[in-house]
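Beneath this line is the structure, given in structure tokens, with notes to follow.
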Amino acid sequence: MTTTESNPSAPTERSVPKPVFTDAEAGAKEFPDSSPAARRYNYFTPAKRKQTHYEDVTVEVQPDPRHYLSQGWIYGFADGSRGYPLHWTKLKAWGVDEPEPPRGVGTGSMHVQNWPAHGWHEFRDPNEEWEQSLYRYNANVVRQLTQNVDNARNAKAFDLWTPNWIRFVERNVGAWMHIEHILGLYVFAANERSGPTNMHNTAMAVNSTRKIRFAQDLALYNLTLTEEIDGFDGTAHLEAWNSDAEWQGARKVCEALTAVQDDWGEAIFAANVVFEPLVGELFRSNLVMQSAAGNGDFVTPTVMGAGEFDYAQRDLRWTIACFGPLNEDREFADHNRQLMQGWLSHWVPQALEAARTMQPMWSQADHKPPRFEDALDRAKNRFAGICRDLNLDTPEELKQ
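Numbering of the sequence shown is given in the numbering used here, commencing with residue 135 and proceeding in unit increments.
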């Protein structure tokens with residue numbers, strides 16, 4: 135007797151073809167890097183023996199038809215330019231003038247050998263900055279500054295400031311936040327999209343965020359001083375920036391940097407190679423940080439020092455790594471060197487004029503810093519060293 139006969143309510147087993155799995159479906163084939171143990175990309179050549187996490191998340195993330203986008207750029211602009219045009223800077227790297235491979239059915243995109251261009255896709259930020267490292271760095275800086283200011287508040291350290299130093303900080307330290315904000319937002323962030331590779335654009339983006347963070351550090355510090363010091367005018371920096379003769383030279387150059395037309399290279403070069411050492415470090419290191427202690431202030435140097443570290447240990451490092459190799463390019467070294475020398479001749483006189491316009495600030499505090507001429511000589515020597523690092527001639531304008 136069958137099961138159905140013994141139990142009429144039992145379901146009848148249906149005759150359905152059983153699925154048979156073969157190696158025909160997608161994903162069945164195993165490749166050398168398809169195992170779960172493969173954690174590294176292999177579509178680029180690392181700068182060192184082993185590729186870093188920074189390289190994994192930045193190198194080749196930005197598409198480029200000279201590499202793997204064989205169908206050409208999939209988007210463009212209204213004026214007909216496509217993707218990330220290399221003519222967005224007058225700087226050139228080997229391979230820039232090579233013809234783009236013809237596109238079309240059956241061409242296989244005809245990839246050109248020995249592309250990409252040296253000096254563009256081989257650039258690596260020595261700081262190895264990417265999103266997570268940037269967030270951690272800025273968070274640590276803000277945390278340390280907050281602790282320093284809170285400690286000063288609890289110790290009533292602001293009561294020790296001399297009257298003239300209070301006036302100096304409210305007008306001049308406050309005014310510097312405008313420069314950091316302008317450079318961060320309207321120079322670095324404005325040019326971030328223009329770089330030829332994702333490595334360049336990431337470096338410009340993190341440079342921008344450090345500038346904007348420093349501007350916010352100064353703004354929050356200004357608010358704290360307004361609360362802690364009787365008579366501290368938290369709006370005095372606006373009048374100083376708009377009207378004080380000492381600030382108009384720096385303001386003029388800073389705003390001129392935002393007006394550089396169609397060349398991200400010149401804008402970044404002028405800001406980090408020329409303006410920062412001749413004006414930025416001159417003010418931050420050779421004036422504010424040299425004057426503060428004698429006027430009873432141990433807090434302001436920690437705030438300004440954070441911005442100084444941003445530039446000296448991070449912003450300048452990636453800038454030299456970016457522009458230096460272009461002066462040794464296999465085809466365009468002479469072109470790039472002449473171009474950068476021209477930029478120096480254009481921007482150095484403006485920066486020196488701005489620096490000399492700031493000279494009266496050296497006599498505003500009760501405890502004076504080292505002489506202005508000595509401070510300017512230190513800034514010039516620093517700038518000359520940067521020129522040597524970039525394999526550029528020190529401009530004659532530096533003798534002014």
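Glycine included, every Cβ here is placed at the ideal spot set by N, Cα and C. As the structure is a prediction and not an experimental result, all values here were calculated from the model.
Checklist entry - Can the beta-carbon of E263 be found closer than 8 Å to that of V340? => result yes
Next on the checklist: With the cut-off set at 8 Å, would you say A488 and A513 are in Cβ contact?
Outcome noted: no
Next on the checklist: My assumption, with CB atoms under 8 Å, is that P330 sits in contact with W207. Please give the rounded CB distance.
Outcome noted: P330 to W207, Cβ: 13 Å. No contact.
Checklist entry - Applying the criterion that 16 or more other CB atoms from any shown protein chain within 10 Å of the CB defines a buried residue, is F417 buried or exposed? => result buried
Next on the checklist: Given this structure, state the Cα-to-Cα distance separating G214 from S328, to the nearest angstrom.
Outcome noted: 16 Å
Checklist entry - Run through DSSP, which three-state label would G430 get? => result coil
Next on the checklist: Suppose contacts are defined by Cβ-Cβ distances below 8 Å. Is N470 in contact with W398 by that definition?
Outcome noted: no
Checklist entry - For the alpha helix (DSSP H) that Q475 lies in, which residues bound it at each end? => result 467–491
Item to check | Per-residue burial, L317 [other beta carbons within 10 Å of its own, 16 or more giving buried] | outcome: buried
Checklist entry - Per DSSP, which one or two residues make a beta bridge with G210? => result R216
Checklist entry - Quick one: does the C-beta of L319 sit closer than 7 Å to a heavy atom of the ligand FAD? => result Because no ligand of any kind appears in the structure shown, any question about the ligand FAD cannot be addressed here.
Next on the checklist: If distances are taken between C-alpha atoms only, which option among D284, P529, S267, T223 comes closest to T186?
Outcome noted: S267
Item to check | DSSP state of A272 mapped onto helix, strand, coil | outcome: One detail in the question is off: residue 272 reads as Asn in this sequence, not Ala. Note: N272 maps to helix in three-state DSSP.
Next on the checklist: With H, G and I counted as helix, E and B as strand and the rest as coil, what does DSSP make of P197?
Outcome noted: coil
Checklist entry - Whose C-beta lies closer than 6 Å to the C-beta of F517 among residues of the same chain, with five residues either side of it excluded? => result P411, L412
Next on the checklist: Just to check my reading of the structure: L524 and N461 have Cβ atoms closer than 8 Å, yes? What is that Cβ distance to the nearest angstrom?
Outcome noted: 6 Å
Item to check | Cβ-Cβ separation, H371 to E442 (assumed contact under 8 Å), whole Å | outcome: About 19 Å; that fails the 8 Å criterion.
Checklist entry - Counting Cβ pairs closer than 8 Å, one from the stretch 344–351 and one from the stretch 380–390, do we hit at least three? => result no
Checklist entry - Considering only residues of the stretch 334–400, which uninterrupted alpha helix (DSSP H) runs meet the minimum length of 4 residues and lie entirely inside it, listed in chain order? => result 370–377, 379–391
Checklist entry - What is the rounded straight-line gap between the Cα of A401 and the Cα of F409? => result 10 Å
Checklist entry - Where does R258 sit, in a helix, a strand or coil, going by DSSP? => result coil
Next on the checklist: Considering Cα atoms alone, identify which of H480, M474, N406, D378 is closest to Q447.
Outcome noted: N406
Checklist entry - For N282, which residues from the same chain have a beta carbon less than 8 Å from its beta carbon, with the 5 sequence-adjacent residues on both sides left out? => result V433, T436, V437
Checklist entry - Taking A374 as the reference, which of T392, A323, N306, I520 has the closest Cα? => result N306
Item to check | Where S243 falls: helix, strand or coil (DSSP) | outcome: Annotation note: pLDDT 48 at S243 (below 50); position unreliable, coordinate value reported separately. Here S243 sits in helix by DSSP.
Next on the checklist: Once the 5 residues before and after G210 are set aside, which same chain residues still bring their CB inside 8 Å of it?
Outcome noted: R216, G217
Checklist entry - Mind checking V394: buried by the 16 CB within 10 Å criterion, or exposed? => result buried
Item to check | Rounded straight-line distance, which links the Cα of H221 to that of P504 | outcome: 45 Å
Checklist entry - Going by beta carbon distance, what residues of the same chain come within less than 6 Å of D449, once the five residues before and after it are set aside? => result N341, N406
Checklist entry - Could you give the distance in angstroms between the alpha-carbon of F178 and the alpha-carbon of F466? => result 24 Å
Item to check | Cβ pair A455, D259 closer than 8 Å | outcome: yes
Next on the checklist: I'd like the span of the alpha helix (DSSP H) that includes H187, first residue to last.
Outcome noted: 187–192
Next on the checklist: Suppose you measure from the CA of E380 to the CA of R464; what does that come to, to the nearest Å?
Outcome noted: 45 Å
Next on the checklist: Quick check on DSSP: helix, strand or coil for V464?
Outcome noted: For the sequence presented, residue 464 should be read as Arg rather than Val. Coil, per DSSP.
Item to check | Within the stretch 492–530, ranges of the alpha helix (DSSP H) (whole runs, at least 4 residues) | outcome: 506–523
Checklist entry - Roughly how many angstroms separate the alpha carbons of T453 and D364, rounded to a whole number? => result 42 Å
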